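Asks: Residue numbers (the working numbering), protein chains in the order written: chain A, 9 to 638; chain B, 38 to 202; chain C, 88 to 193. Dropping the structure in here first, questions after.
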Amino acid sequence: MVQFAWLIPMFPLLGFLLIGLLNKRLPVSLSGGIATLMVFLSFVVSAVIFREVAQDGSVPERVVLFDWISVGDLSIPFSFLIDRLSVIMLMVVTGVGSLIHLYSIGYMHHEQDHPRYFSYLNLFVFFMLLLVLGSNYIVMFVGWEGVGLCSYLLIGFWFKNIDYCNAAKKAFIMNRIGDLGLLLGVLLIYNTFGSFGFREVFEAARNFPENSEAVTAICLLLFVGAMGKSAQIPLYTWLPDAMAGPTPVSALIHAATMVTAGIYMVVRSNVLYVLSPGASEIVALVGLATAFFAATIGLKQNDIKKVLAYSTVSQLGYMFVALGVGAYQTALFHVITHAFFKALLFLGAGSVIHAMSGEQDLRRMGGLKKVLPITHATFLIGTLAIAGLPPFAGFFSKDEILAKVWEHSPIMFFVLAVTSVLTAVYMLRLYWLTFYGEFRGTQHQKQHLHESPATMTIPLVVLAVLSTIGGFIGMPEVFHTPHYLNEFLAPVMWKVNHHSASETFEFLLMGISLALLLIIMFATYNTYVIKNVMPEENDKDLQGFAKLVANKYYVDEIYEALITKPLNGISSFVYKFIDQGFIDKLVNGTGTSLNGLSGVLRFVQTGNIGGYIFSMVIGIIVILVLTMIL
Amino acid sequence: MNPSLPFFVLATLSVFSALMVVLSRKPVHSVLYLIFCFFTIGGHYLLLNAQFLFAVHIIVYAGAIMVLFLFTLMFINMNKELEPHKSNLLKGAATIAAGCLLLVLVAITKGAETLPAISKSSDIGTVSNLGKALYGQYLLPFELISILLLTAMVGAVMLGKKDVE
Amino acid sequence: MNSILQVIPLNYYVALAAILFSIGVMGVMFRRNAIIVFMCIELMLNAVNMLLTAFSTYHGDASGQVMVFFIMAVAAAEVAVGLAILVMIYNNIRTVDINELNKLKW
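Shown next, in the form of structure tokens:
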């Protein structure tokens, strides 16, 4: 069955071609159905392969589709690697992907451009599967670039709005910076290890000395790529803006799958990162900073999707901290649980926005609990999962990260713990403001409030279930139950420290986090529901730190001043003086002078036949003389 | 009799008549001199033992082509001198240019005398020999020439018709 | 008649052909009457024909004379079409002066 792995990306590609080419000729309701079916078929094939790999799959299997690039000594096959890491990612991508496709049918119901949306979405899934399945860095890179492209296309789905277009461009350009790093890293890998293939590279790396400069450089360059794709400081600002796209897109691309590509890539290259503790330390620090800063920004955002976006950035930071301290399985664990609960939260937010006729501002919501019962219940589960309440999924993965970080460095643990508290605060603030209190929207919106259709609620319920039980695949050791995920992933990892924190510490950690969470719940309930404290209507009224946070630390403005403005200045200088002043003049001058010369030369054509004959005879004489002489 | 005498007589006559073609004022005189020139060239063909070519030459040139020329002259009634002559400067330039060309041509073909004569057999110009060549080695071009002539005929008729619709 | 080949060297014919050809060229440059220009072109063709025949005979190779035959056929075709064009030109603009035919220019 593993030999049929090519079917997995083939289905979404087929869907993309079918929907994209037939486009408007398809019946309106059909494009969404086809897209969903294709991804679901991929999911089925993935599930079969997953079962097979889980049962006996001891050896990773390489499925070669065809020889892709073959130049001299360099041979890059277009091949897939089926091992325990890729099948897990396959399950997440196709599983969450098909749920979100299903959701999209309901969410995009009122839209005109169905086929375009669904063809892009299918194309995205195709590239994401390529990224996950690729058995060498080049195939992975193709997928990596492809998902970036689809992200661009889908953020700018409503391309008539210039802000959305700019957001799409921002995402694309920021990703490009990261991609350059990744590309350099990949080339350096070839230079160092003489191959692009995962197996060959890691085989060679195992015999490499620790802390060598080449490996550190590779790790850092790869991490630059991960920074761009997974929105880490300093390349994170595109992700909040990417919320311009339709909400299911935010759920699929900018929460569950694409942004975790960076983490997948680091996990895949874990052999290299193990060899370079220095690079790992940098990964951990960047992740930590991102997690903390994004969480503080999330505290003061009033757009429901922006809050979730910063929360995504923050959670991705969490994962990178885990990667940095060498807990690769834990990072992947968090990727999985995060995919569940963040997709759930985004889809829930989408359901709310759908009900509110497109309103995204928290200050206009409130009291939606009664009108949207299913959305409310599932959103609550998502909130509790991300806040880390046992037994929801987020608790286990987050707890495991915290425990691993404690072993590594108590200071980092402390910062991360504060971040986790902040996460709970902003998520509960979001929850209370949305679902409790009085409805604060317009009368018009109030009349339109309605629970979403079944195509939207079914994915919500499924994801809620997954968010609830998803954590049990990785129970902490103190419960003396097997950690399924770690065992499952063991063959893919190399040199992972298995000794965990003491039992007392584990229990203490759980206890403290549980207690803190409960306190936060009551505190935020008190603030936002009982005292009915509303976020300020106008950002200008804010003072001090709050103002700084509400304005996202002015990072966009700083980038604008430090990078965009000077670049624009240089560009306009080059444009005016070098391009227009020199190159254009050179090119146009050639044309103009030729034109002038031809204008002079055309008078040679007199129309006088005698003259022509005369010149012809002269020419013949000259040629004959020349023949004679030479 | 000097055996080379016929050649020199014919050569003198052809050069003289050729010059007269160019220099005659009246077009009809030019045509008549040209006919005479063609006859002298035909004489050269006879001297060169090319009897078949002689016959064809007389029929095609002296017979058909020159009749065409005369007919054309008659059509456009160019009996008397119509053309205003070119300026003397241009005439001089033309003569000098032609002289230069002659000089160069003679100079460049000077090496021809060193070419060895491969065969002195002189019966290749007979009708039977040329017929074998035409219907053997050159059969395809020979047939194609007939198509060319047909096309030319059609073209001439088309052009000659008034107000082609 | 073989005697001619013994008494007249080949380059005499070459010179004669060159002279006739040059006279033709001169005529083409000299005259403005299109019909006479045409005749001069015929003269040039004949010069070449004669040279080909001479070479053919002196070398004992029939190909040269076959070429002359072809040239004659092409010349006949050319004269027929060319003169037809001339008649048409004359019908339209009442002249065959080549200096009047100077519309084909900038």
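Backbone N, C-alpha and C define an ideal beta-carbon position, used for all residues, glycine too. The structure presented is a predicted model; accordingly, all values stated were derived computationally and were not measured.
Quick one: residues in its chain with C-beta nearer than 7 Å to the C-beta of Val1 (chain A), no 5 flanking neighbours on either side, listed in chain order?
Replies: Residue 1 (chain A) lies beyond the range of chain A shown here (9 to 638); nothing can be said about it.
Asks: Who does Phe88 (chain A) pair with in a DSSP beta bridge?
Replies: Bridge partners of Phe88 (chain A): A:Val71 and A:Gly142.
Asks: According to DSSP, which residues form a beta bridge with Asp81 (chain A)?
Replies: Beta-bridge pairing links Asp81 (chain A) to no other residue.
Asks: For Tyr98 (chain B) and Val166 (chain C), what's the separation of their Cα atoms in angstroms?
Replies: Spanning the two alpha carbons is a distance of roughly 10 Å.
Asks: Checking 7 Å against the spacing of the C-beta atoms, do Leu47 (chain B) and Gly80 (chain B) come in under that value?
Replies: Going by C-beta atoms, Leu47 (chain B) is nearer than 7 Å to Gly80 (chain B).
Asks: Assign Met88 (chain C) to one of two classes, buried (16 or more other C-beta atoms within 10 Å of its C-beta) or exposed (fewer than that).
Replies: Note on Met88 (chain C): pLDDT 46, under 50, position unreliable in the model; the coordinate value appears next. It is exposed - the Cβ of Met88 (chain C) has fewer than 16 other Cβ atoms within 10 Å.
Asks: Classify Met88 (chain C) as helix, strand or coil using the three-state DSSP reduction.
Replies: Any answer about Met88 (chain C) is weak, because its pLDDT of 46 lies below 50 and its placement is not dependable; what the coordinates show is given next. The answer is coil: DSSP assigns Met88 (chain C) none of H, G, I, E or B.
Asks: For Gly205 (chain A) and Val79 (chain A), I'd like the C-alpha separation in whole angstroms.
Replies: So the alpha carbons of these two residues sit roughly 15 Å apart.
Asks: Under a CB-based cut-off of 7 Å, is Ile145 (chain B) close to chain A?
Replies: Interface residue, yes.
Asks: Let me make sure I understand the geometry here. Which of C:Arg118, C:Met154 and C:Ala104 has the alpha-carbon closest to that of Val93 (chain B)?
Replies: Per the Cα distances, C:Met154.
Asks: Taking only the alpha-carbon atoms, compute the straight-line gap between Ala170 (chain B) and Gln88 (chain B) and give it to the nearest angstrom.
Replies: Taking the straight line from one Cα to the other gives about 15 Å.
Asks: Any idea which residues DSSP pairs Asp369 (chain A) with across the strands?
Replies: Answer by DSSP bridge pairing, in chain order: A:Asp311.
Asks: So is Glu211 (chain A) buried or exposed if we call it buried at 16+ other beta carbons inside 10 Å?
Replies: Its Cβ having fewer than 16 others within 10 Å, Glu211 (chain A) is exposed.
Asks: If we cut at 7 Å on Cβ distances, does Ile629 (chain A) have a partner in chain B?
Replies: Yes - at least one Cβ of chain B is within 7 Å of the one on Ile629 (chain A).
Asks: Just the chain E side, please: which residues come within less than 8 Å of Leu167 (chain B) by C-beta, in chain order?
Replies: Here the protein chains are A, B and C, and chain E is not one of them.
Asks: So which residues on chain B does Phe622 (chain A) lean against when the C-beta distance must stay under 9 Å?
Replies: Per Cβ cutoff of 9 Å: Leu127, Ala130, Ala131 and Ala134.
Asks: Indicate whether Val282 (chain A) and Trp440 (chain A) have their beta-carbon atoms separated by less than 7 Å.
Replies: No.
Asks: Between which residues of its own chain and Leu139 (chain C) is the CB-CB distance below 8 Å, once the five residues before and five after are set aside?
Replies: Within the same chain, Leu139 (chain C) has close Cβ partners Gly151, Gln152, Met154, Val155 and Ile158.
Asks: Could you say which of C:Leu188, C:Ala160 and C:Val183 lies nearest to Leu181 (chain B) if we only look at CA atoms?
Replies: The candidate whose alpha carbon is nearest that of Leu181 (chain B) is C:Ala160.
Asks: Quick one: grab the DSSP three-state call for Val194 (chain A).
Replies: It is helical.
Asks: Put Arg120 (chain C) into one of helix, strand or coil per three-state DSSP.
Replies: The question names Arg, yet the displayed sequence has Asn at residue 120 (chain C). Reduced to three states, the DSSP call for Asn120 (chain C) is strand.
Asks: Do the CB positions of Leu131 (chain A) and Cys158 (chain A) come within less than 7 Å of each other?
Replies: Taking 7 Å as the Cβ cut-off, Leu131 (chain A) and Cys158 (chain A) qualify as a contacting pair.
Asks: Let me know the secondary structure DSSP gives Trp502 (chain A) once reduced to three states.
Replies: The answer is coil: DSSP assigns Trp502 (chain A) none of H, G, I, E or B.
Asks: Ser50 (chain A) and Thr102 (chain A) - do their beta-carbons sit closer together than 7 Å?
Replies: Yes, these two residues count as a Cβ contact at 7 Å.
Asks: DSSP three-state call for Trp76 (chain A): helix, strand or coil?
Replies: Looking at Trp76 (chain A) - three-state DSSP - the assignment turns out to be strand.
Asks: Starting from the Cα of Ile466 (chain A), find the closest Cα among A:Pro242, A:Tyr115, A:Leu98 and A:Leu25 and give me that residue.
Replies: Of the listed residues, the one whose Cα sits closest to Ile466 (chain A) is A:Tyr115.
Asks: Is Asn616 (chain A) close to chain C, meaning its C-beta is less than 7 Å from at least one C-beta of that chain?
Replies: Yes, Asn616 (chain A) lies at the interface with chain C (some Cβ there is under 7 Å from its Cβ).
Asks: According to DSSP, is Gly205 (chain A) helix, strand or coil?
Replies: Gly205 (chain A) falls in the strand class under three-state DSSP.
Asks: For Glu67 (chain B), decide whether its Cβ has a neighbour in chain C, counting only Cβ atoms nearer than 7 Å.
Replies: Residue identity check: residue 67 (chain B) is Ser in the sequence provided, not Glu. Yes, its Cβ sits closer than 7 Å to a Cβ of chain C.
Asks: Give a yes or no on whether 7 Å exceeds the smallest Cβ distance from Ala194 (chain C) to chain B.
Replies: The structure shown does not extend to residue 194 (chain C), since chain C spans only 88 to 193, so no value can be given for it.
Asks: With burial defined as no fewer than 16 other Cβ atoms inside 10 Å of the residue's Cβ, what is the status of Met624 (chain A): buried or exposed?
Replies: It counts as exposed.
Asks: Which class does Asp407 (chain A) belong to by DSSP, given the choice of helix, strand or coil?
Replies: DSSP places Asp407 (chain A) in helix when its eight states are reduced to three.
Asks: Just by C-beta distance, which residues in the segment 103-131 of chain A are closer than 8 Å to chain C?
Replies: Of all residues in the segment 103-131 of chain A, none has a Cβ within less than 8 Å of some Cβ in chain C.
Asks: With distances taken between CB atoms, is the gap from Ile423 (chain A) to Phe300 (chain A) smaller than 7 Å?
Replies: Residue 423 (chain A) is actually Val in this sequence, not Ile. It is a contact, given that the beta carbons lie within the stated cut-off.
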